[in-house]
Every structure is written in C-alpha cells, then in structure tokens.
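S.K.:
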Amino acid sequence: DAGVIQSPRHEVTEMGQEVTLRCKPISGHNSLFWYRQTMMRGLELLIYFNNNVPIDDSGMPEDRFSAKMPNASFSTLKIQPSEPRDSAVYFCASSPQGLGSPLHFGNGTRLTVT
Amino acid sequence: KNEVEQSPQNLTAQEGEFITINCSYSVGISALHWLQQHPGGGIVSLFMLSSGKKKHGRLIATINIQEKHSSLHITASHPRDSAVYICAVSREYGNKLVFGAGTILRVKS
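For the record, the sequence lines run as chains D and P. Start counting the first sequence at 1; every next residue gets the next number (this note's numbering). Start counting the second sequence at 1; every next residue gets the next number (this note's numbering).
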C-alpha cells in the first residue's frame, strides 16, 4: 500500500500564477479531504469529497480556490491567481468511510508564493 | 474559546519518562483523533476513539465522554517520540475535524 500520494512536495511560485496540487488517495477509500496548515491557524479543512462528490467546501477560502475529483483515484486543488497569503502546507487525506474511520495523510505540499 | 484545547503547549522530557498530553473539547463529538506530526512534516493517525481506552505499543489513549476529555500517554519515552501531537474531534453533526493547536514534545536522551 503506497499510502496517499501528493505532488509536488514543494512548490515555489510568483504571485498571480496558477498553482495545481495533486493527490492520489489510497485505493478503496471513499473519502478525500484537503487541509491547509499554517503557523497562525494550524490545520483547517478546505474541502471534503465522498465518493468523488464534494460534500463540504465551506472551508475553501475564496473563489480563487477550486478542487475537483474526476475519479476515485485522483483529486486536484487549484489556486488561481495565487497570493503570498496562500503560502502554507497543503495536506490531502483519505479514509475508508468519512470521519468514521482513521484518516491517512499524504506527506503534504509546501507552497510558497512570493 | 477554542472548541478543542490541548495542554501543555510545549513539553520537554527525559528519555524514559512517562508522558501525558491532555485534550479537552466543548462540543458533542462522534470520535476523537490523536495525530502525530514529525519534524519532516508528515502526519500520522495514532488513534481514533469514541469511548474507553486504546493501546498501541507504548502509546495509550483514553477518553472520558462525560467530562469531554482525552489523554494521550507515552510510556518509556524515547527521543524518536519527539513530534507535535494533535488532538482533533469529529463533531457529532457535520463533516469537519476540529483541531487542537498541538503539543510540541521533545524527548532528550
């Protein structure tokens, strides 16, 4: 089992550029979560998918953020245009059954927007 | 007031010591999670519990639903236990995990 795979591990980009973060959940897991971690705010849920359908996107900060899950094995989080305040570590996590089962986290993508 | 409060914020221990990290919450929950985040940044789920006690190796997690309190214990601590330990709760209704601020643990040899 390869675990949750995120790419890239690190991303440095200039303000205004589009950024796409990728996640491959564990095979067979029905739920996928995108989290953001900053020093100021800790870990925050951005969006939660169940069976590829977005269930809760209330944590998505603004229209610049969008997430898709076109199939059970792939999800993207896109920021367009990026801003310096988006700099954070973005984690993807999956679970067999929502929050009723333990989460498996990817290694995260460290995003720096200059 | 945060819905999930952890204490202490920082903890330094000598190798071999028994360690306790506490978590209190103020909302109705369906489950409580203990997570470990190593200096490299990766997050590992240690426990998910909704009642009683769970044990895995040197780690023990307990929860008291009536008192809205959980503890994470580490027996015979080791420098490799140095990490940030995060408590998170699944609200009774809804899809969000609410996270505590984390406890930074450093175990010295």
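Virtual Cβ for every residue (Gly too), placed ideally from N, Cα, C.
#1: V89 of chain D versus chain P: which residues are under 9 Å apart at the beta carbon?
#2: Judging by CA-CA distance, which residue of P:G41, P:A88 and P:S90 is the nearest neighbour of R9 of chain D?
#3: With DSSP as the reference, please indicate the residues paired to Q9 of chain P in a beta bridge.
#4: Starting from Y93 of chain P and walking both ways along the beta strand (DSSP E), at which residues does that stretch end?
#5: Please report the straight-line C-alpha distance between H73 of chain P and E15 of chain P, rounded to a whole angstrom.
#6: If the cut is a Cβ gap below 8 Å, which residues of chain P does H104 of chain D touch?
#7: So if DSSP puts H56 of chain P in a beta bridge, which residue, or which two residues, is it bridged to?
#8: State the DSSP-derived secondary structure class of G100 of chain D, mapped to helix, strand or coil.
#9: For the segment 88–97 of chain D against the segment 29–36 of chain D, do three or more pairs of beta-carbon atoms, one drawn from each stretch, fall closer than 8 Å, so that the two count as touching?
M.R.: From the atom records:
#1: Locating residue 89 of chain D in the first sequence gives position 89, counting from the first residue. Result: G41.
#2: As a first step, residue 9 of chain D is located in the first sequence; it is residue number 9 there, counting from the start. Out of P:G41, P:A88 and P:S90, P:G41 has the C-alpha closest to the C-alpha of R9 of chain D.
#3: As a working note, residue 9 of chain P is residue 9 in the second sequence. In the DSSP output, where bridge partners are listed per residue, Q9 of chain P has none listed.
#4: As a working mapping, residue 93 of chain P is identified with position 93 in the second sequence. Segment: none, Y93 of chain P is in no beta strand (DSSP E) and carries neither H nor E.
#5: Position 73 of the second sequence holds residue 73 of chain P. Position 15 of the second sequence holds residue 15 of chain P. Spanning the two alpha carbons is a distance of roughly 14 Å.
#6: In the first sequence, the residue the question calls residue 104 of chain D occupies position 104. Result: S45.
#7: For the purposes of this step, residue 56 of chain P is taken as residue 56 along the second sequence, with counting starting at 1. Its beta-bridge partners are P:L59.
#8: Residue 100 of chain D sits at position 100 when you count from the first residue of the first sequence. Helix at G100 of chain D.
#9: yes
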